[in-house]
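Q:
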Amino acid sequence: MTTVLDMAAYYHILQIIRKRPLDINIETTNICPMKCAFCCNRVYQRPLTVMDLALFEDIVRQYYQLGGGALGLSSMQSDLFSDPMLLKRIKILKKYKGKLWIYTTTPLISCKRFSDKELLYILRIFDCLQISIEGHDPESYRVMGGVDGFAILKEQLERINKIIKGNSLRIRVDLCFRTYQKKELLESEFFKEISSIFHVYNIKDTFFTWFGTVRNKDLPQGAKAIVRKNVGKKENCSIPNTSLAVMANGEVVGCGCIDWLGKYTVGDCKENTLQEIWRSHRAVRFRKAFQIGRLPSICRECDAYVSMQSMKSKKLLRYQPTDGLYYLVRRDGVDNHNKGGQRK
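In the working numbering, the protein residues as written are 2 to 345.
1. Note the first and the last residue of the continuous alpha helix (DSSP H) segment covering D333.
2. Can you tell which of L54, K225, S244, C33 has its C-alpha closest to the C-alpha of N250?
3. Which residue comes first and which comes last in the beta strand (DSSP E) that contains L187?
4. Can you look up E252 in the DSSP assignment and give me helix, strand or coil?
5. Check for me: the beta strand (DSSP E) holding R179 runs from which residue to which?
6. Just reading off the alpha helix (DSSP H) that N242 is part of, what are its end residues?
7. Check whether the Cβ atoms of T214 and K225 sit closer than 8 Å, and answer yes or no.
8. When you compare each of C256, E277, Q182 to I60 by their alpha carbons, which one comes out closest?
9. Given S79, which residues of its chain have a CB within under 7 Å of its CB, disregarding the five upstream and five downstream residues?
10. Ignore the nearest five residues each way along the sequence and tell me which others in P22's own chain have a CB closer than 7 Å to its CB.
11. Considering only their Cβ atoms, is the gap separating D7 from K315 smaller than 8 Å?
12. With a threshold of 7 Å on Cβ separation, who are the neighbours of A143 within its own chain once the five nearest residues in sequence on each side are excluded?
13. Pick from I18, C258, K113, K92: whose alpha carbon is nearest that of A152?
14. Nearer than 7 Å: is that true of the beta carbon of I198 relative to any heavy atom of the ligand NAD?
15. Can you give me the Cβ contacts of F291 inside the same chain, cut-off strictly under 7 Å, excluding the 5 residues immediately before and after it?
16. Quick check on the burial criterion: 16 or more other C-beta atoms within 10 angstroms. Buried or exposed for V267?
17. So is V330 buried or exposed if we call it buried at 16+ other beta carbons inside 10 Å?
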């Protein structure tokens, strides 16, 4: 049942996004060490790109001047720890940290290239680390992730926990499991051990199709591709209406959740400011695609669709972008960090 407070929160969010996004994602590099069965990264080969440091700082500075807020690093289909300029980017972020809530999603295995001292330097800048885990043992990890990285993953999870606890870092750590053997995963010693240390955010054995690229025949038995029929929906999707996503080449896409091929670009940070792009006719038209009945092809069967009605939550009544990711606040409240690597 929608309450008066829920509606007040909804209109509060609408007021914010008329002027600016709730969060931005900056793909600092499009490099990823994985070849996941459920991702079309293994199908499409994008030219390897690393964002120029000057462009990166300009985007961060602009976002800071807009008021700051949640800032994702390489949260599209890429991995922050594979970025050869990561340490230099952390140095830049430290200058603007006062207004930034910084997060990333990572398979974690590439952080093995950093020393403990370097990893501590990196982790200090983060508010949230979402770790994608593709399986519960070497075989399931290879099947889902496409690489033999399970032993490295376990080693890095242990190292992350040790560094967080040893330095009393206040960082939220969420585990996001991707599996085709859900029962075996839940019963595994690995899951029992790691879920006693870090918070399990979700366990998925269903996946969206990446605009028709990934189908059930591409997935291992036990996993499923979900095709949604979004044509005819009238309520706009909350993802493009709340988030702005910049690709490693500086181009901005309408949906940072799935459009990393740049099928629907709405601007270019090398030519326009973040605010100009957010308010541009092209961006507004993309955000209102459901409302006006002209769906981009990538939206027609996308299982990531979340109606703007989801913003009707009293937990968002006093929400500001600097509180962190709106969907975590909507789910858990404002202050939801993991302390010292331990579950709350």
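Think of the CB as a built atom: it goes at the ideal place given N, C-alpha and C, for glycine as much as any other residue.
These numbers come from a predicted model, not from an experiment.
A: Looking at the atomic coordinates:
1. Translated into positions along the sequence shown, residue 333 becomes position 332. Here the alpha helix (DSSP H) through D333 covers 327–333.
2. For the purposes of this step, residue 250 is identified with residue 249 of the sequence shown, where counting begins at 1. Considering only alpha carbons, the answer is L54.
3. Numbered from its first residue, the sequence shown carries residue 187 at position 186. Element bounds for L187: not the beta strand (DSSP E) but the alpha helix (DSSP H), 183–188.
4. Within the sequence shown, residue 252 is the residue found at index 251, counting from 1. If DSSP states are grouped into helix, strand and coil, E252 belongs with the strands.
5. The residue labelled residue 179 in the question sits at position 178 within the sequence shown. Note, R179: beta strand (DSSP E), 173–179.
6. Taking the sequence shown and counting its residues from 1, the one referred to as residue 242 is at position 241. Per DSSP, N242 belongs to the alpha helix (DSSP H) from 239–243.
7. Taking the sequence shown and counting its residues from 1, one reaches residue 214 at position 213. Taking the sequence shown and counting its residues from 1, one reaches residue 225 at position 224. No, the Cβ-Cβ distance between T214 and K225 is not below 8 Å.
8. Here the question's residue 60 lines up with position 59 in the sequence shown. Checked all of C256, E277, Q182; the closest Cα to I60 is E277.
9. Counting from 1 along the sequence shown, the entry for residue 79 is found at position 78. The answer, listed in chain order, is E28, T30, N31, I32, C33.
10. As a working note, residue 22 is residue 21 in the sequence shown. Answer for P22: T243, S244, L245, W279, listed in chain order.
11. Mapped onto the sequence shown, residue 315 falls at position 314. Mapped onto the sequence shown, residue 7 falls at position 6. It is a contact, given that the beta carbons lie within the stated cut-off.
12. In the sequence shown, the residue the question calls residue 143 occupies position 142. Per the sequence presented here, residue 143 reads as Arg, with Ala not at that position. Here the set comprises D149.
13. Position 151 of the sequence shown, counted from the first residue, corresponds to residue 152. The candidate whose alpha carbon is nearest that of A152 is K113.
14. With respect to the ligand NAD, the structure shown offers nothing to examine, as it has no ligands at all.
15. On the sequence shown, position 290 is the one that residue 291 refers to. K234, K235, E236, N237, C238.
16. Translated into the one-based positions of the sequence shown, residue 267 becomes position 266. That one is buried.
17. Counted from its first residue, the sequence shown places residue 330 at position 329. So V330 ends up on the buried side.
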